[in-house]
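Novice: Numbering (numbering that gives the first Met the number 0), first residue to last: 0 to 478. Pasting in a structure now, in structure tokens, and then I'll have a few things to ask.
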Amino acid sequence: MNDNEAQALISQEFLQSIAADRGIRPAELEVLSLSLSGISTTAIASQLDISEDLVRKRLSRIYIKFQIEGRGPVKFAKLQQLLHNLYQTHLASEREPKIGVMDTGLTDNNSDLQITTHPLNPLHNSLPTSSTTHNSPILNRIDWSEAIDVSIFYGRAEELAQLEQWIVQDSSRLIAVVGLGGIGKTALITKLKQQIQPYFDCVIGRSLHNAPPLENLLADLLKSLSHPQEPELSEKADEIIVQLISYLRACRCLLVLDDVQTILRSNDLYGRYLQGYEGYGALFRRIAEEQHQSCLVLSSQEKLREIFLLENPSRPIHSLKLEGLKPEDAQQILLGQNLTGKQSWQELIQHYRGNPLELKLIAATIQDIFNRDVAAFVKWSTTVSYREILDEPFQRLSALEKQVMQWLAKEEKALSFQQLRAKIEEIATSDLIEALESLRGRYLIEKVKTQDTNELLFTLQPVIKKYVTKYHLPSAQKI
Ligand SMILES: Nc1ncnc2c1ncn2[C@@H]1O[C@H](COP(=O)(O)OP(=O)(O)O)[C@@H](O)[C@H]1O
Ligand SMILES: [Mg+2]
């Protein structure tokens with residue numbers, strides 16, 4: 000497609016309406032329009048009687064508003080392609096009967112025809128029409144419940160860069176940030192939101208810590224998306240998901256759902272939904288598979304099966320397993336608590352695997368009981384474990400998983416699969432494999448390799464070992 004063809008394909012009226020939706024100013028639209036008709040930067044500058052530099056500046060603002068990344072001429076080609084695609088979608092929607100949003104039942108990989116209303120106006124045309132959406136209430140809307148304070152935030156530059164790459168540059172549709180309680184998921188996604196919100200028309204964050212039924216969450220999300228208008232909610236969750244996805248197509252939204260583990264089942268293997276909450280799985284799958292321009296970010300203490308199954312380097316679905324803070328960043332936490340005995344800081348950080356919540360808690364104990372001296376505490380070679388972090392994930396374990404945890408806690412050394420198999424004789428080998436996999440899916444067991452034979456061994460990190468020993472072993476077996 001050359002420049003002239005692109006311009007011929009896109010009507011001026013459509014260009015105006017999409018420019019209004021993206022907050023493009025009239026002066027920028029003028030430059031866009033001339034560029035699309037194939038006129039050079041020099042010619043545009045002379046035609047508009049402005050400097051070439053200003054033409055380039057206006058173009059770069061346009062790229063930002065369309066979230067076009069890249070360099071030089073590639074950017075313009077991408078913009079042309081994007082406009083062309085949006086225009087084709089718009090024409091397709093014009094050809095369809097205007098009966099509101101319809102679910103074709105397709106998982107859309109190749110068909111624009113699924114969108115049955117104006118792509119910028121998804122819900123029964125209940126939003127202002129695109130030509131009047133310059134001040135559309137949906138643009139630049141931030142609705143973040145229970146925001147946490149991240150004014151003190153150390154490290155995580157690589158994780159933030161990776162997430163930004165997936166979400167902003169690669170336009171991923173579903174991302175999960177997973178890891179143990181206290182490892183910093185909520186803090187990280189809050190920081191991420193601050194960093195990438197300019198790329199989105201709206202940003203909505205919710206915590207699932209009260210395990211809301213899917214219908215309630217969907218109603219809440221749609222309410223926020225259609226604010227200040229009241230959404231016309233369908234009766235069935237399936238239909239509301241269709242409505243939601245229409246919004247996700249029309250606007251670039253960042254949706255964040257924190258603490259997804261609360262809707263997962265107890266006494267079962269990892270990542271299975273509570274009874275009555277299976278619809279969440281369908282929601283995540285549809286958001287991952289259908290075509291739209293938004294992104295859903297989830298945080299969970301357990302690996303999520305949808306993501307695990309759908310993840311593939313070529314798909315816009317990713318998960319980030321969050322490890323503890325790097326030693327130099329974890330040190331900042333101890334520094335912030337005015338601790339002394341620096342020669343023992345590394346040992347303490349390694350013992351708690353850089354988990355910022357555990358480090359904050361142990362730092363408070365060291366302040367209180369050891370007069371701020373980390374060395375005085377480390378000398379005792381003891382571990383303090385925290386029920387507030389581990390009770391909840393432990394309760395979700397299946398009976399067999401609990402048994403495996405208990406065996407691993409009792410042993411001083413890490414155990415191979417064979418050794419573990421010998422200890423828990425009464426169960427089928429396949430059940431033991433499932434239990435180990437499930438515990439890995441909850442990030443509760445560590446894998447290590449022997450140096451000499453390269454054999455794989457399983458063990459618990461000290462805090463978890465202490466927790467199991469203290470609270471889940473008969474007292475005679477406690478270490
Ligand atoms: N990068 C960080 N720098 C400083 N403090 C952090 C960092 N990440 C987390 N924390 C702190 O550690 C605690 C646990 O973090 P949080 O994000 O709530 O963990 P999670 O959501 O994984 O359970 C919070 O008090 C938080 O402020
Ligand atoms: Mg959290």
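Note that beta-carbon positions come from the ideal geometry of N, C-alpha and C, so glycine has one too.
Pick helix, strand or coil for T106, following the three-state DSSP scheme.
Specialist: As a first step, residue 106 must be located in the sequence shown, where it is residue number 107. Confidence in T106 is poor, its pLDDT being 29 and thus under 50, which makes the residue's placement too unreliable to answer from.
Novice: Would the stretch 362-375 and the stretch 332-348 be scored as touching if the rule is three or more Cβ pairs under 8 Å?
Specialist: Contact holds: three or more Cβ-Cβ distances are below 8 Å.
Novice: Between the stretch 320-329 and the stretch 179-189, can you find at least three pairs of beta-carbon atoms closer than 8 Å?
Specialist: Because the criterion of three Cβ pairs below 8 Å is met, the stretch 179-189 and the stretch 320-329 touch.
Novice: Can you give me the start and stop residues for the alpha helix (DSSP H) that S16 sits inside?
Specialist: Here residue 16 corresponds to residue number 17 of the sequence shown, with the count starting at 1. Taken as a continuous stretch (DSSP letters only), the alpha helix (DSSP H) holding S16 covers Q11 to D20.
Novice: Examine ligand 2 and report whether any of its heavy atoms sits within less than 7 Å of the Cβ of T339.
Specialist: Residue numbering aside, residue 339 sits at position 340 when the sequence shown is read from its first letter. False, no ligand heavy atom lies under 7 Å from that Cβ.
Novice: Tell me Y86's beta-bridge partners as DSSP assigns them.
Specialist: If you number the sequence shown from 1, residue 86 lands on position 87. Y86 is not bridged to any residue.
Novice: Looking at the secondary structure, which residues open and close the beta strand (DSSP E) in which W143 lies?
Specialist: For this step, residue 143 is matched to residue 144 along the sequence shown. Its beta strand (DSSP E) spans residues R140 to W143.
Novice: Thinking L34 and I43 are a contact (beta carbons under 8 Å), I'd like their distance in whole angstroms, please.
Specialist: As a working mapping, residue 34 is identified with position 35 in the sequence shown. As a working mapping, residue 43 is identified with position 44 in the sequence shown. The displayed chain sequence assigns Ser, not Leu, to residue 34. 7 Å between Cβ atoms; contact.
Novice: Express the C-alpha separation of R439 and R479 in angstroms, rounding to a whole number.
Specialist: A question about residue 479 goes unanswered here, because the residues of the chain that appear run from 0 up to 478.
Novice: State the CB to CB distance for the pair I151 and W165, rounded to an integer number of angstroms; the pair is presumed to be in contact (CB under 8 Å).
Specialist: Indexing the sequence shown from 1 puts residue 151 at position 152. Indexing the sequence shown from 1 puts residue 165 at position 166. That pair is no contact at about 26 Å.
Novice: Does the Cβ-Cβ distance between S298 and L247 come in under 8 Å?
Specialist: Indexing the sequence shown from 1 puts residue 298 at position 299. Indexing the sequence shown from 1 puts residue 247 at position 248. Against a cut-off of 8 Å, the Cβ pair of L247 and S298 comes out as no contact.
Novice: Is any non-hydrogen atom of ligand 1 found closer than 7 Å to the C-beta of P355, if you look at the structure I gave you?
Specialist: Against the sequence shown, residue 355 aligns to sequence position 356. P355 Cβ: within cutoff of ligand 1.
Novice: Can you list, in chain order, the residues of its chain whose CB lies under 8 Å from that of K487, leaving out five sequence neighbours each side?
Specialist: The requested residue 487 does not occur in the structure, where the chain is confined to residues 0 to 478.
Novice: To which residues of the same chain is A362 closer than 7 Å at the C-beta, ignoring the five residues directly before and after it?
Specialist: The residue labelled residue 362 in the question sits at position 363 within the sequence shown. For A362, where only same-chain residues beyond five positions count, the Cβ hits under 7 Å are I332, L333, Q336 and L338.
Novice: Classify Q80: buried if its beta carbon has 16 or more other beta carbons within 10 angstroms, exposed otherwise.
Specialist: As a working mapping, residue 80 is identified with position 81 in the sequence shown. Exposed, because fewer than 16 other Cβ atoms sit within 10 Å of the Cβ of Q80.
Novice: Which residues in the same chain have their Cβ closer than 8 Å to the Cβ of V73, if we skip the five residues on either side of it in sequence?
Specialist: If you number the sequence shown from 1, residue 73 lands on position 74. Excluding sequence neighbours, V73 sits near nothing in its chain.
Novice: Looking at the strands, I want to know which residues DSSP matches up with E445.
Specialist: Taking the sequence shown and counting its residues from 1, the one referred to as residue 445 is at position 446. T458, per the DSSP bridge assignment.
Novice: Using the rule of at least 16 other Cβ atoms within 10 Å of the residue's Cβ for burial, across every protein chain shown, is L90 buried or exposed?
Specialist: The residue you call residue 90 lines up with position 91 of the sequence shown. Exposed: under 16 other Cβ atoms inside 10 Å.
Novice: Excluding the 5 residues preceding and the 5 following L253 in the sequence, name in chain order all residues of the same chain whose CB lies nearer than 6 Å to its CB.
Specialist: For the purposes of this step, residue 253 is identified with residue 254 of the sequence shown, where counting begins at 1. Cβ within range, chain order: F199, V202 and C294.
Novice: Just to confirm my understanding: we take I478, look at its own chain, exclude 5 residues before and 5 after, and list those with CB closer than 7 Å. What are they?
Specialist: Within the sequence shown, the letter at position 479 stands for residue 478. Note that I478 has pLDDT 48, beneath the 50 cutoff, so the model's placement of it is unreliable and the number below is only indicative. Taken in chain order, the residues that qualify are T468.
Novice: Report the CB separation of L207 from I262 in whole angstroms; it is logged as a contact under 8 Å.
Specialist: Within the sequence shown, numbered from 1, the residue matching residue 207 stands at position 208. Within the sequence shown, numbered from 1, the residue matching residue 262 stands at position 263. Confirmed, about 6 Å.
Novice: On the DSSP letters alone, give me the boundaries of the beta strand (DSSP E) that I203 sits inside.
Specialist: If you number the sequence shown from 1, residue 203 lands on position 204. Its beta strand (DSSP E) spans residues C201 to S206.
Novice: Tell me the rounded alpha-carbon separation between E391 and K77.
Specialist: Locating residue 391 in the sequence shown gives position 392, where the first residue counts as 1. Locating residue 77 in the sequence shown gives position 78, where the first residue counts as 1. So the alpha carbons of these two residues sit roughly 47 Å apart.
Novice: Is the distance from the Cβ of G278 to the Cβ of R304 below 8 Å?
Specialist: Counted from its first residue, the sequence shown places residue 278 at position 279. Counted from its first residue, the sequence shown places residue 304 at position 305. It is not a contact, given that the beta carbons lie outside the stated cut-off.
Novice: Please report the distance separating the alpha-carbon of E424 from that of T452.
Specialist: Residue mapping note: residue 424 aligns to position 425 of the sequence shown, counting from 1. Residue mapping note: residue 452 aligns to position 453 of the sequence shown, counting from 1. Between E424 and T452, the C-alpha separation is close to 25 Å.
Novice: Count Cβ pairs between the stretch 393-410 and the stretch 224-234 that sit closer than 8 Å; are there 3 or more?
Specialist: Because the criterion of three Cβ pairs below 8 Å is not met, the stretch 393-410 and the stretch 224-234 do not touch.
Novice: With a threshold of 8 Å between beta carbons, is A175 in contact with chain D?
Specialist: In the structure shown, chain D does not exist; there is a single protein chain.
Novice: I'd like the list of long-range same chain contacts for G69, defined as Cβ closer than 7 Å, with 5 residues on each side in sequence excluded.
Specialist: On the sequence shown, residue 69 is found 70 positions in, with the first residue counted as 1. Around G69: K77.
Novice: Where A218 and Q290 are concerned, what is the direct C-alpha to C-alpha distance, given to the nearest angstrom?
Specialist: In the sequence shown, counting from the first residue as 1, residue 218 sits at position 219. In the sequence shown, counting from the first residue as 1, residue 290 sits at position 291. Spanning the two alpha carbons is a distance of roughly 21 Å.
Novice: Indicate whether L459 and Q405 have their beta-carbon atoms separated by less than 8 Å.
Specialist: Working through the sequence shown from its first residue, we reach residue 459 at position 460. Working through the sequence shown from its first residue, we reach residue 405 at position 406. Going by C-beta atoms, L459 is not nearer than 8 Å to Q405.
Novice: So, at 8 Å on beta carbons, what are the nonlocal neighbours of A18 in its own chain, with the 5 sequence-adjacent residues on each side left out?
Specialist: Counting from one through the sequence shown, the residue named residue 18 turns up at place 19. Here the set comprises E27, L28 and L31.
Novice: By Cβ distance, which residues of its chain are closer than 8 Å to L53, with the 5 residues on each side in sequence left out?
Specialist: The sequence position of residue 53 within the sequence shown is 54, counting from 1. Closer than 8 Å at Cβ, skipping near neighbours: A44.
Novice: At a cut-off of 7 Å, is S397 close to ligand 2 when judged by its beta-carbon and the heavy atoms of the ligand?
Specialist: In the sequence shown, counting from the first residue as 1, residue 397 sits at position 398. No - ligand 2 has no heavy atom lying nearer than 7 Å to the Cβ of S397.
Novice: CB F75 to CB R21, shorter than 8 Å?
Specialist: As a working note, residue 75 is residue 76 in the sequence shown. As a working note, residue 21 is residue 22 in the sequence shown. No, they are not a contact pair.
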